[in-house]
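Below is one structure, written out as structure tokens, with a few remarks after it.
Number of protein chains: 2
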Amino acid sequence: MTTRIQRRNRRKILDAALEVFSAQGFRGATLDQIAGVAGLSKPNLLYYFDSKEAMHRALLDELLDIWLAPLRAMNPEGDGRAEIMAYMRRKLQMSREYPRESRLFANEVLQGAPRLGDEISGDLKTLVDETAALIRRWIKAGQIARIDPYHLIFSIWALTQHYADFDAQIRMIRDGADPMDGAEPYLEELFDRLLKP
Amino acid sequence: MTTRIQRRNRRKILDAALEVFSAQGFRGATLDQIAGVAGLSKPNLLYYFDSKEAMHRALLDELLDIWLAPLRAMNPEGDGRAEIMAYMRRKLQMSREYPRESRLFANEVLQGAPRLGDEISGDLKTLVDETAALIRRWIKAGQIARIDPYHLIFSIWALTQHYADFDAQIRMIRDGADPMDGAEPYLEELFDRLLKP
DNA sequence: AGACACCTTGACTGGTTGGTCAGGTCTGCT
DNA sequence: AGCAGACCTGACCAACCAGTCAAGGTGTCT
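First to last, the protein sequences are chains A and B. For the first sequence, this note's numbering assigns the number 152 to the initial residue and increments by one for each residue that follows. For the second sequence, this note's numbering assigns the number 152 to the initial residue and increments by one for each residue that follows.
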């Protein structure tokens, strides 16, 4: 049985944890910081989660589905170019709407993904392999250019997530302007040229 | 006056610090770990550097020049397309040869670049602005396509550094194979298509 | 209202970590 | 050899941090 209070507080804690973990990394975050952001006491955090580690795992677990949704949303029956362009657009949208989620995963992967369970990484691999096979079929059908499917996927990740993960750097260079200004037409052009058979 | 021992030990410390900071981030790294890798005692580390922070600053300072060398190496007199392709190749080469440096900067920027001095970021901005102006001239001269120079630079960074920074993820997906396998021809094709007028 | 489970917290603990210091050892020079 | 200064370290400290606990507060159901 989960009560109303439980739902509300677990949500507050995970929100705060996302805020702090994404900005400081796992090791850099402290329970006191998370407690402060959540507006709860530290022992209370540990009443709802067994440990800092459990909090982090719960976050990754919950967010992975959201994070991979655009990839799952690709339609094998659709037109190759249109589907890949749409995927890229959705990923860019994710960087705009969920920059903290992007940085959370970036932090985790950057440190060698020590807290991403084998199960999780297995799911990811399966999904990517399936998508790569799908892209190969689109290539065979002559819908897109003959390019490596894996590197294509990596380049979509790299280009879209860069705007969320390296926000600070882009802001410095662009005098604080919105880092994603002009990103969409640019990536549109880039992938249009790349995919054209 | 700097002695031979000073040079040798400072080098050992900075090497070890790069190893540990790049893998764990600033907050995640401990002086004990660095001391262990360097083969020196912790107090000895602090004999050569005032603090953990000073160590980190010295590293960033020393490595920024190396890191930005490819950008400085662009030749304004050269052919636009050839120069940009060469820059991309050099950056990819950096990701292959200096993945730790890449991750060090990635960690720093990801956390909002709190330890990158204004001076450093100012230098970077100036250099990027100059390069952007140069790219605009190449566009005017009809040597490359009409694309946003800043986003072009960001996309070169994103695509090349991704292979170093997200190494762990790519390895998972590609079953431990060398993440950069096939990256060069892929990026060659991508930027060739992108830059063509 | 009363009972009972659920929720909350101040005070604490044990371990870690950045940094200090007094005193020791080594090196290069004369 | 002997000396000065550079180099090195064990022992220590204060701050920080994840996690514990006993005690009290709160919501809910009858």
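Built from N, CA and C at the ideal position, the CB exists for glycine as well.
Round the Cβ separation of residue i and residue j to the nearest angstrom and send it over; I've been treating them as touching at under 8 angstroms.
i, j, result
"Lys163/A", "Ala180/A", "Rounded, the Cβ-Cβ distance is 16 angstroms, inconsistent with contact."
"Gln97/B", "Gln262/A", "The first residue shown for chain B is 152 and the last is 348, placing residue 97/B beyond what the model contains."
"Gln294/A", "Arg232/A", "6 angstroms"
"Ala257/A", "Leu310/B", "Rounded, the Cβ-Cβ distance is 15 angstroms, inconsistent with contact."
"Ile324/B", "Leu275/A", "7 angstroms"
Is the beta carbon of residue j closer than 9 angstroms to that of residue i?
i, j, result
"Ala315/B", "Ser202/B", "no"
"Leu165/B", "Met206/B", "yes"
"Lys347/B", "Arg344/A", "yes"
"Ile235/B", "Phe342/B", "yes"
"Phe177/A", "Val260/B", "no"
"Ala328/A", "Ala264/B", "no"
Within a Cβ cutoff of 7 angstroms, which residues of the same chain sit near residue i, ignoring the five residues on either side of it in sequence?
i, result
"Ile307/B", "Tyr238, Met239 and Lys242"
"Pro221/B", "Tyr238, Arg241, Lys242 and Met245"
"Leu99/B", "With chain B running from 152 to 348 in the structure shown, residue 99/B is simply not present."
"Ala334/B", "Leu243 and Tyr314"
"Arg161/A", "Tyr199"
"Val279/B", "Ile304"
"Asp230/B", "Gln294"
"Phe156/A", "First, the residue type needs correcting, since residue 156/A is Ile and not Phe in the sequence shown. Same-chain partners within the cutoff: there are none."
"Leu182/A", "Lys193, Leu196 and Lys203"
"Glu340/B", "none"
Just to confirm my understanding: we take residue i, look at its own chain, exclude 5 residues before and 5 after, and list those with CB closer than 6 angstroms. What are they?
i, result
"Ile321/B", "Pro330"
"Leu255/B", "Phe172 and Ser173"
"Pro227/B", "Leu285"
"Ile290/B", "Arg297"
"Arg158/A", "none"
Near residue i, which residues of its chain fall below 8 angstroms by C-beta distance, leaving aside the five closest residues on each side in sequence?
i, result
"Ser192/A", "Ala186"
"Thr282/A", "Leu222, Met225, Pro300 and Ile304"
Margin query: Whether or not the stretch 211-228 of chain A and the stretch 194-201 of chain A are in contact is what I'm after, with contact meaning three or more pairs of Cβ atoms, one per stretch, closer than 8 angstroms; do they touch?
Written below: no
Margin query: Count Cβ pairs between the stretch 284-300 of chain B and the stretch 262-273 of chain B that sit closer than 8 angstroms; are there 3 or more?
Written below: no
Notebook entry, point to check: Are there three or more Cβ pairs, one per stretch, closer than 8 angstroms when the stretch 155-173 of chain B is compared with the stretch 248-268 of chain B?
Noted result: yes
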